[in-house]
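Take a look at the structure set out below.
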Ligand code: SDX
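In the UniProt record's numbering, the protein residues as written are 39 to 432.
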């Protein structure tokens, strides 16, 4: 059944859905997009081609890819009136707060792609979101640092365009660095989709009510913000900085083991991967490349990360709990080296995951058997009782 959740009759309320998009084998540490292994896609493909694969189910021909890239490129600008949204925020607003608001508001600007019963409107909404979310993320960053917005350019690839919108200033041209572009493209590719994670399930549940795609993606952004999910990349780098030096690692390892201490090792563990996260392996290669390029191999944060990973992988507690570095463990180190503040780490995750949310949204609402999601509950509250007037209460 293609609904968002299928429930068994009892209160076990196991919820699941069917999908053809992404397959994860948590024990083997395997991640496939439409059957293709993530390590091969990260090595041989690029983000917009992976977007096409997730959306349409097959790798594109050269002509299909060129057409798709042109369609996305020609939708990267946002309506000029949207610029005014940003001035309503304090400069120190978290970029995720801005993205939730502005992406949600897109339905007020793009009326001709909100009717989900129309396949053409569904297609246009998909392209608009993939094209405009990076522009909105870059605008949120520029606004937070008091710099003017930088318009997208149609002669740049997706990752280069995003980096330029974030780092270019009117006073001088931004030189696109191919290695940074490659690293950014790889980060976007590695975060594109991940089966029924919390934010994707949020998008599916919101979509099942027939809400417009922009509202549903805004719901996904809101869920991704949490430190247990997409917010982990920001929390991980902040944790590595708090640890500061290699000699302080044992103190934090002890805290992570202490059941009375809510502290968890950010960037470690996963609900599904009980072996390594295949994305973390690729991300680590990128971290080495970028830091070498930037001549900061002796990055103290990287040293702490490498030592923390080494200790955790040998520690009996973490091994027994099957806690391995996840996709968020290294991405923050790369983004930090590129010059992004930690507050931009999760927005970049959202830029990438938009295609995963949209692909799963299209898969679900395209099915005539879709029904509104209605997770069951196990009631553990008070049994029936009569009202007591206030003067008779204790
Ligand atoms: C993402 O679902 C997805 O696919 C998400 C994601 C995606 O692409 O969409 O992969 C992206 O969200 C990756 C995860 C990012 N989050 C973090 O790095 C935050 C730190 N990690 C933890 O919060 C935690 O590992 C979770 C939330 C990711 C998973 O937590 P669970 O569900 O409790 O994991 P588990 O059941 O496998 O935990 C097993 C045990 C538990 O102890 P016990 O209750 O059995 O005694 O290990 C403990 C946990 O308390 N544990 C940790 C830990 N993670 C789990 N202890 C210390 N440090 C950690 N990081």
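Cβ coordinates follow ideal geometry from the N, Cα and C atoms, glycine included. Since this is a predicted model, take the numbers as computed values, not measurements.
A heavy atom of the ligand SDX is found nearer than 7 Å to the CB of residue 364. A direct Cα-to-Cα measurement between residue 412 and residue 342 gives close to 45 Å. Assigned with DSSP and collapsed to three states, residue 363 falls in strand. Following the DSSP letters along the chain, one finds residue 60 inside the beta strand (DSSP E) bounded by residues 60-63. For residue 345, there is no enclosing beta strand (DSSP E); the residue is part of the alpha helix (DSSP H) that begins and ends at 338-352.
Minimum Cα-Cα distance from residue 128 among the listed residues 221, 182, 347, 210 corresponds to 182. Here residue 70 is bridged, per DSSP, to 61, 75. Here DSSP, grouped into helix, strand and coil, assigns residue 207 to strand. The residue among 154, 117, 365, 169 with its C-alpha nearest the C-alpha of residue 107 is 169. In the assembly as shown, residue 67 is a buried residue. Its beta-carbon has 16 or more other beta-carbons within 10 Å. With a cutoff of 8 Å on beta-carbon distance, residue 157 and residue 399 are scored as not near each other. Across the structure, residue 117 and residue 193 are spaced so that their CA atoms are roughly 20 Å apart. Nearest neighbour of residue 161 by Cα position, chosen from 222, 261, 180, 109, turns out to be 109. The shortest C-alpha to C-alpha distance from residue 84 to any of 200, 222, 392 is the one to 222.
Beyond the five residues adjoining it in sequence on each side, residue 369 comes within less than 6 Å, by CB distance, of 225, 271, 321 in the same chain, given in chain order. The closest heavy atom of the ligand SDX lies less than 7 Å from the beta carbon of residue 305.
If you look at residue 101, you'll find it in the alpha helix (DSSP H) that goes 100-111. In summary, residue 209 is exposed, with fewer than 16 beta-carbon neighbours lying within 10 Å of its beta-carbon over all protein chains present. Looking at the DSSP output, residue 306 sits in a beta bridge with 363. Membership of residue 90 in the alpha helix (DSSP H) is indicated by the continuous run 85-94. The DSSP-derived three-state label of residue 230 is coil. Nearest in C-alpha terms to residue 383, of all of 73, 133, 81, is 133.
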